[in-house]
Every structure is written in C-alpha cells, then in structure tokens.
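Asker: This is the structure I want to talk about, given as structure tokens.
2 protein chains.
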Amino acid sequence: MRAIAARRDLIREGESPHFVYLLLDGWACRYKTLADGRRQIVSFLLPGDIFDAGFLLLGKIDHGIAAITPIRVGGIGRDDFEALLEACPKIAKALWRGERIAASIQREWTLNVGQRTAFERLSHLLVETFLRLESVGLTNGQSCDWPPTQADLADATGLTAVHVNRMLQELRRSGLIALNGRALTIPDMAALKQAALFSAAYLHLAPRPGRTGEGA
Amino acid sequence: MRAIAARRDLIREGESPHFVYLLLDGWACRYKTLADGRRQIVSFLLPGDIFDAGFLLLGKIDHGIAAITPIRVGGIGRDDFEALLEACPKIAKALWRGERIAASIQREWTLNVGQRTAFERLSHLLVETFLRLESVGLTNGQSCDWPPTQADLADATGLTAVHVNRMLQELRRSGLIALNGRALTIPDMAALKQAALFSAAYLHLAPRPGRTGEGA
DNA sequence: CGGAGCTTTGAATGTATTCAAACGCCGTGG
DNA sequence: CCACGGCGTTTGAATACATTCAAAGCTCCG
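Here the protein sequences come in this chain order: A and B.
With our numbering as the guide, the letters of the first sequence map in order to residues 1 to 216.
With our numbering as the guide, the letters of the second sequence map in order to residues 217 to 432.
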C-alpha cells in the first residue's frame, strides 16, 4: 500500500518494474515522452484499475505513471504475483481479459488522435472517461468529478492546452457539457456521443451501469 | 489454413471472433473506422505475428483485419485454443508476453500520431517496421520489401496521402531512405532513428549480436 | 494498347500552433 | 486581513503545418 501526492510519479521512465498495482483511489495516467520533452498521456487510470509497467516483459520500462490527483495504490510483488497466477488460473484469466480491454481502449486512442478533429477528440475523451467512471460507481447522475487540467487533456489528445481551452468553450457553448471547476456535467449523453462519433463496443463494459471490477 | 488476396478483409468489423491466427506469409493490418469512413490503421501485422480480434472478450469486435499483400494464415478455433492454454501454461505465458509487446507498440503509436510531426512520424514508422522485419529475418542488409501504399501509410500515421507523399520525398531528398517501387533501403539507420526520435525499448526485441546502432 | 491504381504536382484553404500577456482563483505568509 | 505568488485558464494575433481539391503522370497488368 502506497500513497502518492498529486502531480508526482508512481513509476518513472527507465525504472525496472517490480510491482503490479491496484489503483484504490484517485486518478493517474500512463505517459510517454520524447527526447525533447513532448509528452503524450496514453491512458487514464481510474479507481479499480489494475496496472503495471511492463511487468512480464522485464527490462527497462518505456513509460511513466503519474498521479493526477493524490492516489492510493495497493501493490503486489513479482514473486507473489507469479505465485498467484499459478495458484489461481481464473484470476490469471480475468487479468488477461482486463489487459485485453486496456489494449482495445489503446487502439481507440490511436484512432482518436489519428482521425478525429480536435472537437470530436475531446468529446470522445469525455464520453469514454465518464462511462468508465460510471462503471465503477463514481458518477452522480449526469455529473462527475473532473480532476485533469486542460494541460492534461492536451497531452492526452495530442493538442495544445490553448486549443483544448477553445474546444472546451465550444463544447460549453453548444450545451454539450458543463464544466465548472472540477465538476463535469453531461446533460445529454446521447448528443455528446454523437458529436464524438462514439461507439461503445471497444470499452467492453458490462451491459448495465452496475458494478464491475474490470480494469488494467 | 487460409489464403486471402491483397486488399481484402480477413475479419470485418462487427463479426464475432472465432479464431486465433498466425500470419504465415505477407503483410496485414488492423484498422478501425469512423462512421463517416475515416480510417485508422492501428497496427501492421507481419509474418510470424499471432493475432486475433477480441477473442477472449467475446462480443462483437470493434476493428477489422485486412490483407495488404496476399497472405496466408493458420487459424485455431476457440475450443482448441482454450485447451492448448490449459494444457501448456508456458505457451499461454508466451502468448501473454506477445500481447503485452503488442500493447507496448500500440502505446508508441498513440505517441507517434499524438506528438510527432509528419516527418518524424513517417520516419518512426519506417524504423519500427524495418526492425520488426529484421527480427524475423525478412530484411536483406539495409533493404526490405515494402508493400504498403502511400494511402496505407497515411491511414497508419493519421496524415493524408498527399502529405505522406511530400514527406517521403523529403526523406529521399535528405538521403535518409531510398524507396523505389516496393524496395525500401535505409542507408543510415542511426540517422533515421535520430530523425524519428526513436527509442528501442518499447519493441522488446531480442538483442541480436552484430546489429548496428542500438536505440538512440 | 488501354485502363486501373498509385504517385506526383500545384494552389488555395483551414485547422491547430505559437507566442505573449492578462485574468482569476486559492493557499500562504507577512 | 490583505498582499503576494503560483497555477490554471482565457484571450488575441500572427504563423505554420497539414488538408483539400483538382489534375496530370507513371507503371504495371490484362
């Protein structure tokens, strides 16, 4: 069990991975950087997500994991983890499934930054993240807590913070979202999905917005 | 065992996955499309690659797999595959590792389309693909077969075919590549890696003795 | 020889970036 | 209590990178 302050790294690029983590509380992100400092957030990690950084691959890891809010994580060491996998194949299978869902989301992100316009891109990120939060019971009707800064959204969408700001204004003006401080509201999810060219299949969420434990 | 002609789909979006495939011969790609037809290639599949389309996830699949050249694939059905995994945990582990490497590459693609300029992006795609070909013995010194069209490269990099064309010309002019018909030559891999801001860690290739220019 | 598919070229346009500065909010310290 | 500073957001103008549209050229194959 570990606690990390907001804006600090849980894992830095270049370290060797020794743990698999469960995110208990807070938001984090996986990111990659280029030599000159350009940074891409490649996924958001939300409460309930299980993640690691190239655990089975050994070698140096190629990306970092940073806390967006203060977070608490539970960690399990490599040997214990391996033992667990062997002792309980059902867990192994569930973890594998979780990773495959994460991979599916990753492909969608590639599509997102590669093909969608700035407006669609942000819309899509909002929809996806809201639905993931909803699936773990962290939404409140049409609203949820929204910790990432516009700079974070810029890194996640491949845009600049300035342009993210302008697109968010447009989203507000068109009534698709309300975003006051850290409170996000999506008054008409169907409309936002349409603006985002959103198609839910890739998320592999349980059919009902009930409780699921999936992650990674 | 199945053979597919160039430019045809092996799996179409919306189908249900029933097989895991091994690509025996030729190039293929995984792609996703938006409702209005915009298309993103999310990965290239090269000989030796094992792939499927959401096999363990069930449900409808969210992407297609198309042949770039004529391909031959070996397929294994769901039940046989499950039996294999249970009978031979080492194979299961190796497959899991393979998927994790694919996921790592997918994250790099997100970085690629999100942060790199058009020139860097193409350079990176060329380096990555060449190294993957090299790792399965499909290169010939500094050269390899290069089947994808400029339209394919456009779909893979999130650029237009016109702009891909201009960037390829620039790559040729600067001496970083030679590309005549289907023959690609990279005379100075280290230089191309530098232009691409390439960093090899994410590929998790087995170290090969006698290769020039590790990483960058 | 003809045609289809791919590549190349040019000019005009547009989306997103860059740079710079001001604003607002909030916690801290004087 | 108010001033200060930091951080995140907002604004504007100029610029740059990539797109769009249109057409011509090339190459391979039937």
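Where a beta carbon is used, it is the ideal one built from N, C-alpha and C, also for glycine.
Within 10 angstroms of its Cβ, does Thr326 of chain B collect 16 or more other Cβ (buried), or is it exposed?
Answerer: Buried, by the Cβ-count rule.
Asker: Excluding five sequence neighbours on each side, which residues of the same chain lie with their C-beta closer than 7 Å to the C-beta of Cys360 of chain B?
Answerer: Excluding positions up to five away in sequence, the list reads Phe346, Leu349, Leu354 and Leu400.
Asker: Checking contacts by CB at 7 Å: is Ala406 of chain B closer than that to chain A?
Answerer: Chain A, which has no Cβ nearer than 7 Å to the Cβ of Ala406 of chain B, makes this no.
Asker: Using a Cβ cut-off of 7 Å (strictly closer), state whether His234 of chain B contacts chain A.
Answerer: Chain A contact via Cβ: absent.
Asker: Where does Gly204 of chain B fall in DSSP's three states?
Answerer: Because chain B here runs from 217 to 432, residue 204 of chain B falls outside it and cannot be looked at.
Asker: One question on the structure: do Leu285 of chain A and Ile50 of chain A come within less than 7 Å of each other, judged by their Cβ atoms?
Answerer: The structure shown does not extend to residue 285 of chain A, since chain A spans only 1 to 216, so no value can be given for it.
Asker: Relative to the C-alpha of Ala219 of chain B, which residue among B:Glu231, B:Ala406 and B:Trp243 is closest?
Answerer: Comparing Cα-Cα distances from Ala219 of chain B to each of B:Glu231, B:Ala406 and B:Trp243, the minimum goes to B:Trp243.
Asker: Using 8 Å for Cβ pairs, my map puts Val236 of chain B next to Phe297 of chain B. What's the rounded Cβ distance?
Answerer: The Cβ separation is near 5 Å, so the contact holds.
Asker: Using 7 Å as the limit for Cβ to Cβ distance, is Val329 of chain B near chain A?
Answerer: Chain A, which has a Cβ nearer than 7 Å to the Cβ of Val329 of chain B, makes this yes.
Asker: Taking C-beta to C-beta, are Leu411 of chain B and Ser339 of chain B nearer than 7 Å?
Answerer: With the sequence shown as reference, residue 411 of chain B is identified as Ala, and Leu is not the correct amino acid for it. Yes, the Cβ-Cβ distance between Ala411 of chain B and Ser339 of chain B is below 7 Å.
Asker: Is there at least one Cβ from chain B nearer than 7 Å to Thr110 of chain A's Cβ?
Answerer: Cβ-Cβ to chain B under 7 Å: yes for Thr110 of chain A.
Asker: Sort A:Leu56, A:Asp152, A:Leu192 and A:Gly158 by Cα distance to Thr214 of chain B and report the nearest one.
Answerer: Because chain B is modelled from 217 through 432, residue 214 of chain B falls outside the range shown and cannot be assessed.
Asker: Which residues in chain A have a C-beta closer than 8 Å to the C-beta of Pro317 of chain B? List them in chain order.
Answerer: It is worth fixing the name first, because residue 317 of chain B is Ile in this sequence and not Pro. The answer, in chain order, is Leu57.
Asker: Distance cutoff 7 Å, beta carbons only. Does Asp368 of chain B sit that close to anything in chain A?
Answerer: No - not a single Cβ of chain A is within 7 Å of the one on Asp368 of chain B.
Asker: Considering only DSSP beta bridges, list what Tyr418 of chain B is partnered with.
Answerer: Per DSSP, none; premise fails for Tyr418 of chain B.
Asker: With DSSP as the reference, label Leu22 of chain A as helix, strand or coil.
Answerer: Strand, per DSSP.
Asker: From the DSSP output, in three-state form, read off Asp9 of chain A for me.
Answerer: Strand.
Asker: Got a sec: is the Cβ-Cβ distance from Gly98 of chain A to anything in chain B below 7 Å?
Answerer: So no, Gly98 of chain A is outside the interface.
Asker: In whole angstroms, give me the CA-to-CA distance for Arg427 of chain B and Ala6 of chain A.
Answerer: In this prediction, Arg427 of chain B scores a pLDDT of 46, lower than 50, which makes its location untrustworthy; the coordinate-derived value is nonetheless stated afterwards. If you take the alpha carbons of Arg427 of chain B and Ala6 of chain A, they lie about 42 Å apart.
Asker: For Cys245 of chain B, count neighbouring Cβ atoms within 10 angstroms of its own Cβ and tell me buried if that reaches 16, exposed if not.
Answerer: Flag for Cys245 of chain B reads buried.
Asker: Would you report the Cα separation of Ala35 of chain A and Leu413 of chain B, rounded to the nearest angstrom?
Answerer: In a straight line, the C-alpha of Ala35 of chain A is about 7 Å away from that of Leu413 of chain B.
Asker: Which one or two residues does DSSP pair with Ala283 of chain B in a beta bridge?
Answerer: Looking at the DSSP assignment, Ala283 of chain B forms a beta bridge with B:Ala244.
Asker: Can you have a look at Ala87 of chain A and say buried or exposed, based on whether 16 or more other CB atoms are within 10 angstroms of its CB?
Answerer: Exposed is the call here.
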